Amino acid sequence: MAIGTQVSQELERKMTCITCPTGCQLEVTRNADGELSITGAQCRRGEVYARNEILDPRRVLTTTVRIRNGSLPLLPVRTTEAVPKELLADAMRILAKVEVTAPVRTGDVILPNILDTGIDVTASRDMKRAEDAF
Ligand code: SF4
245 MAIGTQVSQE LERKMTCITC PTGCQLEVTR NADGELSITG AQCRRGEVYA
295 RNEILDPRRV LTTTVRIRNG SLPLLPVRTT EAVPKELLAD AMRILAKVEV
345 TAPVRTGDVI LPNILDTGID VTASRDMKRA EDAF
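Be aware that the sequence shown starts at 245, since it is given in my numbering, and climbs by one per residue.
Rendered as structure tokens:
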């Protein structure tokens, strides 16, 4: 850049990096060409996190589904990968209608390919049948 040239930068978003417990405060700016610039990250993972949060935000979904004849009434489940944030509400609506039958082992697929994402929902813990629990 030539001396004296000014590039206008617009603050896109402030965010906290949640990749590790350090919790760096990140600032994402966008220049006139649409390029993103990230400050505040202590490592490269923070830059990747911020860029993904702007361009393709995703979250691993953790929740519970009902389980029939289980030692507990609800089974903790999670997606095997992070799901686009805009699909989380629909995924929750689908999982609210799911009911499985005990016994279940950790990692069992509870719902394959949720919302055609190619991502499965799996059990986060073992769940015995009620009669085998004690
Ligand atoms: S930028 Fe790096 S050091 Fe900072 S919170 Fe993110 S992962 Fe941790």
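Even glycine gets a Cβ: it sits at the ideal position worked out from N, Cα and C. All figures in this text were calculated on a predicted structure; none of them were measured in a lab.
Within the DSSP secondary-structure output, residue 257 pairs in a beta bridge with 272. One thing to note: residue 364 has its Cβ within 7 Å of the Cβ of residue 353. Under the 10 Å beta carbon count, residue 377 is surrounded by fewer than 16 other beta carbons and is classified as exposed. Put simply, of 355, 356, 315 and 265 the residue whose alpha carbon is nearest the alpha carbon of residue 286 is 265. With fewer than 16 other Cβ atoms from the protein chains shown falling within 10 Å of its own Cβ, residue 260 counts as exposed.
Annotated three-state conformation of residue 295 is helix, per DSSP.
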